[in-house]
Amino acid sequence: MRIIPVLDVLDGVVVRGVGGRRHEYRPLVSQLTSSTDPVEVARVLVASFRPAELYLADLDAIAGAWPAFDVYRAIRELGVRLWVDAGIRNVEGARQVAAAACDVVAGLETMPGPEAVRGAVGAVGAERVVFSLDLRDGVPLRAWPSAIVPAVVACGITRLIVLDLARVGGSAGTGTDELCRGLASTYPDVEVIAGGGVAGTDDLKRLEACGVRGVLVASALHDGRIAPDWAC
């Protein structure tokens, strides 16, 4: 089990995500730093938790704006692997994110179907693509003509994020324990990563028992509910 710190970036600053209601997101308030600059917040997270990876949700790009490639590159220079959700919709989007030396998050929210995922995997390699099963209150954000998880696994996906946006920032748990358990059991060669609503170390232990190998965390790190020494 490893912690993957999250940066939600909107209008050039790190914000606190709440329930996926992006119009309500406000600049980050953190016990770790007074800054909301993405690179500085990333620097503090790396110094405090020493993660191997960070996850960045470029909320402007997800909404259709040009991705913040300069920010991605600056964070990569901190010596961590960076997973970026820039709202890719096609092969060209995947290539652009990969060209910034980042891992490509292919999110259900913006990917139109399994052929787009297959194209992204073919363009940049399976080792560079992470699929995000984006949910709201347990329901996939987008309907595909085929079952979603079997389809992306058949495309070569080996890292699968399970993220319920309604839980983000709520500190009430991910609400996806049983789903994650089932996925981890059915696809033992796929790394299941959970996110959204992690309240503290009890959630981490419970998710690990479900077969989850990584957890996306934001608020609990900045509020001090998960301390740096836990990750060591």
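The opening residue of the sequence shown carries number 10 in this note's numbering; numbering runs sequentially from there. Just so it is clear, CB atoms sit at the ideal spot from N, CA and C, and this is done for glycine as well.
Checklist entry - Taking three-plus beta-carbon pairs below 8 angstroms as touching, is the segment 117-125 in contact with the segment 133-145? => result yes
Checklist entry - Buried or exposed: which applies to Thr185, given that a residue is buried once 16 or more other Cβ atoms fall within 10 Å of its Cβ? => result Against the sequence shown, residue 185 aligns to sequence position 176. With 16 or more Cβ atoms within 10 Å of its Cβ, Thr185 is classed as buried.
Checklist entry - If you draw a straight line from the C-alpha of Ala74 to the C-alpha of Asp94, how long is it? => result Numbered from 1 along the sequence shown, position 65 holds the residue referred to as residue 74. Numbered from 1 along the sequence shown, position 85 holds the residue referred to as residue 94. Their Cα atoms are separated by approximately 13 angstroms.
Checklist entry - The alpha helix (DSSP H) spanning Tyr64 covers which residue range? => result Walking along the sequence shown from the start, residue 64 turns up at place 55. Unbroken run through Tyr64 is the beta strand (DSSP E), Glu62 to Asp67; no alpha helix (DSSP H).
Checklist entry - Going along the chain, which residues of its own chain have a beta-carbon closer than 6 angstroms to the beta-carbon of Leu192, five neighbours each way excluded? => result Numbered from its first residue, the sequence shown carries residue 192 at position 183. Cβ neighbours of Leu192 beyond the five flanking positions: Val201.
Item to check | Nearest-angstrom Cα separation, counted from Arg151 out to Asp173 | outcome: Numbered from its first residue, the sequence shown carries residue 173 at position 164. Numbered from its first residue, the sequence shown carries residue 151 at position 142. If I take the Cα positions, the gap works out to 13 angstroms.
Checklist entry - Taking all protein chains shown into account, do 16 or more other C-beta atoms lie within 10 angstroms of the C-beta of Val148, making it buried, or fewer, making it exposed? => result Residue numbering aside, residue 148 sits at position 139 when the sequence shown is read from its first letter. Counting Cβ neighbours within 10 Å, Val148 comes out exposed, since fewer than 16 surround it.
Checklist entry - Would Val162 be called buried (16 or more neighbouring beta carbons within 10 Å of its own) or exposed? => result Walking along the sequence shown from the start, residue 162 turns up at place 153. Buried, by the Cβ-count rule.
Checklist entry - Taking the beta strand (DSSP E) that Pro14 falls in, what are its first and last residues? => result As a first step, residue 14 is located in the sequence shown; it is residue number 5 there, counting from the start. Note, Pro14: beta strand (DSSP E), Arg11 to Leu19.
Next on the checklist: Among Leu65, Ala110 and Cys219, whose alpha-carbon lies nearest the alpha-carbon of Ser194?
Outcome noted: Here residue 194 corresponds to residue number 185 of the sequence shown, with the count starting at 1. Checked all of Leu65, Ala110 and Cys219; the closest Cα to Ser194 is Cys219.
Checklist entry - Can you name the start and end residues of the beta strand (DSSP E) that Leu91 belongs to? => result In the sequence shown, residue 91 corresponds to position 82, counting from 1. Arg90 to Asp94 is the span of the beta strand (DSSP E), which, as asked, contains Leu91.
Item to check | Local conformation of Ala74 per DSSP, three classes | outcome: On the sequence shown, residue 74 is found 65 positions in, with the first residue counted as 1. Here Ala74 sits in coil by DSSP.
Item to check | Contact under 8 angstroms by Cβ, Asp112 with Arg137 | outcome: The residue given as residue 112 occupies position 103 in the sequence shown. The residue given as residue 137 occupies position 128 in the sequence shown. In this structure, Arg137 lies closer than 8 angstroms to Asp112 by Cβ.
Checklist entry - Starting from Ile243 and walking both ways along the beta strand (DSSP E), at which residues does that stretch end? => result Outside the displayed range of the chain (10 to 241) lies residue 243, so it cannot be described from this structure.
Next on the checklist: So if DSSP puts Phe140 in a beta bridge, which residue, or which two residues, is it bridged to?
Outcome noted: Looking up residue 140 in the sequence shown gives position 131. Per DSSP, Ala115 and Leu169.
Checklist entry - Ala208 and Gly182: beta carbons closer than 8 angstroms? => result Numbered from 1 along the sequence shown, position 199 holds the residue referred to as residue 208. Numbered from 1 along the sequence shown, position 173 holds the residue referred to as residue 182. Going by C-beta atoms, Ala208 is nearer than 8 angstroms to Gly182.
Item to check | Gly102 - DSSP class collapsed to helix/strand/coil | outcome: For the purposes of this step, residue 102 is taken as the residue at position 93 of the sequence shown. Note: Gly102 maps to helix in three-state DSSP.
Next on the checklist: Would Val80 and Val38 qualify as a contact pair, given that the criterion is a beta-carbon distance under 8 angstroms?
Outcome noted: Residue mapping note: residue 80 aligns to position 71 of the sequence shown, counting from 1. Residue mapping note: residue 38 aligns to position 29 of the sequence shown, counting from 1. Not in contact: Val80 and Val38 (Cβ atoms no closer than 8 angstroms).
Next on the checklist: Can you tell me where the alpha helix (DSSP H) holding Gly128 begins and where it ends?
Outcome noted: For the purposes of this step, residue 128 is taken as residue 119 along the sequence shown, with counting starting at 1. It spans Pro123 to Val133 - the alpha helix (DSSP H) in which Gly128 sits, taken as one unbroken run.
Item to check | Cβ pair Leu225, Ile13 closer than 8 angstroms | outcome: Here residue 225 is taken as the residue at index 216 of the sequence shown, counted from 1. Here residue 13 is taken as the residue at index 4 of the sequence shown, counted from 1. A contact, by the Cβ cut-off of 8 angstroms.
Item to check | Spatially closest choice to Gly134 from Ala108, Asp212, Gly96 and Val15, by CA coordinates | outcome: Counting from 1 along the sequence shown, the entry for residue 134 is found at position 125. Of the candidates Ala108, Asp212, Gly96 and Val15, the one whose C-alpha sits nearest the C-alpha of Gly134 is Ala108.
Item to check | Val55: first and last residue of the uninterrupted alpha helix (DSSP H) it sits in | outcome: The residue you call residue 55 lines up with position 46 of the sequence shown. First-last of the alpha helix (DSSP H) with Val55: Pro47 to Phe58.
Checklist entry - What is the DSSP secondary structure of Arg151, reduced to helix, strand or coil? => result Reading the sequence shown from its first residue, position 142 is the one you call residue 151. In the structure shown, Arg151 sits in coil (DSSP, three-state: anything other than H, G, I, E or B).
Next on the checklist: Rounding to the nearest angstrom, what Cα-Cα distance links Ala125 and Pro60 in this structure?
Outcome noted: Position 116 of the sequence shown, counted from the start, is the residue given in the question as residue 125. Position 51 of the sequence shown, counted from the start, is the residue given in the question as residue 60. Going from the Cα of Ala125 to the Cα of Pro60 covers about 30 angstroms.
Item to check | In DSSP terms, what Glu217 is bridged to | outcome: Position 208 of the sequence shown holds residue 217. Paired residue(s): none; Glu217 is not in a bridge.
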